[in-house]
Amino acid sequence: MVFEAAGAPILTTVCDCASCREAGRRIEALPGAAPVLDADGGTSFVLHRKDRVRCTSGGAQLKEYRLKPDSPTRRVVATCCNSAMFLEFNKGHWLSLYRNRIPGAPPVEMRVMTRDRPDGAPLDGNVPAYATHSVAFMWRLFAAWFAMGLRTPRGIDGTKIEA
């Protein structure tokens, strides 16, 4: 499975939301799956503009998983090795690539959704941490969308994702 991403990422983050933690546990339970969750239970992502990411080989081996059938978020796994490849939000203009699948990935810039962390779970304090999606997080997404002409490209597998 090979992906190419052109240009700098929008953001590198760790998500601590309950959905990412649950999805990570489910994907890690697949036979032979690579780790998804970080040691502290968060999920690290590198967000890229969707129009700048493409799958150059192995696309036929991608399979989507959703926490619920009507979930607006799909997590896509390479069936050859059950490795989580990316997360895609319906109607989103960005793609969240699993950071642990990217050799030489940029360092994490912030943590989001820390309100969903288990009670008493400590934070490492090395990066800013926010209870929800911070203004800085949302601004970076908006700036990328604006640079794209406020359009949402098709999904990485060529499908238009609808809610």
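Its first residue numbered 1330, the sequence shown is counted upward by one per residue in the numbering used here. For each residue, glycine too, the CB sits at the ideal point set by N, CA and C.
Report task. For the segment 1333-1372, list the alpha helix (DSSP H) runs that are entirely contained and at least 4 residues long, ordered along the chain. Result -> 1347-1357
Report task. Under 6 Å Cβ to Cβ from Cys1344, same chain only, skipping five residues before and after it: list those, please. Result -> Working through the sequence shown from its first residue, we reach residue 1344 at position 15. The residues are Thr1372, Val1441, Met1442.
Query raised in the report: According to DSSP, is Arg1483 helix, strand or coil?
Result: Reading the sequence shown from its first residue, position 154 is the one you call residue 1483. Reduced to three states, the DSSP call for Arg1483 is coil.
Query - Assumed close pair Ile1356, Ala1413 - CB separation to whole angstroms, cut-off 8 Å - result: Mapped onto the sequence shown, residue 1356 falls at position 27. Mapped onto the sequence shown, residue 1413 falls at position 84. Confirmed, about 5 Å.
Query raised in the report: Exposed or buried, what is Cys1509 when buried is set at 16 or more other beta-carbons lying within 10 Å of its beta-carbon?
Result: Residue 1509 lies beyond the stretch modelled for the chain, which goes from 1330 to 1492, so this question has no answer here.
Report task. Would you grab the beta carbon distance between Thr1481 and Lys1420 for me? Rounded to a whole angstrom, and I think it's under 8 Å. Result -> What you label residue 1481 is simply residue 152 of the sequence shown in a count that begins at 1. What you label residue 1420 is simply residue 91 of the sequence shown in a count that begins at 1. About 6 Å; that satisfies the 8 Å criterion.
Query raised in the report: In or out: Val1331 buried (at least 16 other Cβ within 10 Å) or exposed?
Result: Here residue 1331 refers to the residue found at position 2 of the sequence shown. Classification of Val1331: exposed, given that the 10 Å Cβ count is below 16.
Query - As assigned by DSSP and simplified to three states, the class of Met1467 - result: If you number the sequence shown from 1, residue 1467 lands on position 138. Looking at Met1467 - three-state DSSP - the assignment turns out to be helix.
Query raised in the report: With distances taken from CA atoms, which of Gly1478, His1462, Cys1346, Phe1418 is nearest Pro1401?
Result: Position 72 of the sequence shown, counted from the start, is the residue given in the question as residue 1401. Cα-wise, what sits closest to Pro1401 is Phe1418.
Query - the segment 1377-1394 / the segment 1442-1457 touching (three or more Cβ pairs under 8 Å) - result: no
Query - Own chain, CB closer than 7 Å to Trp1474, minus 5 neighbours either side, in chain order - result: In the sequence shown, the residue the question calls residue 1474 occupies position 145. Excluding positions up to five away in sequence, the list reads His1422.
Query raised in the report: Between Gly1361 and the rest of its own chain, which residues show a CB-CB distance below 8 Å, the 5 nearest in sequence each way excluded?
Result: By 1-based counting over the sequence shown, the position of residue 1361 is 32. Correct list, in chain order: Cys1410, Asn1411.
**Report entry** Per DSSP, cross-strand counterpart(s) of Thr1402
**Finding:** The residue labelled residue 1402 in the question sits at position 73 within the sequence shown. According to DSSP, Thr1402 bridges with Phe1418.
Query - Local conformation of Thr1385 per DSSP, three classes - result: The residue you call residue 1385 lines up with position 56 of the sequence shown. It is a strand residue.
Requested in this report: Taking Arg1381 and Ala1335 to be in contact with their CB atoms under 8 Å, please state how far apart those CB atoms are, rounded to whole angstroms.
Outcome: In the sequence shown, residue 1381 corresponds to position 52, counting from 1. In the sequence shown, residue 1335 corresponds to position 6, counting from 1. Confirmed, about 4 Å.
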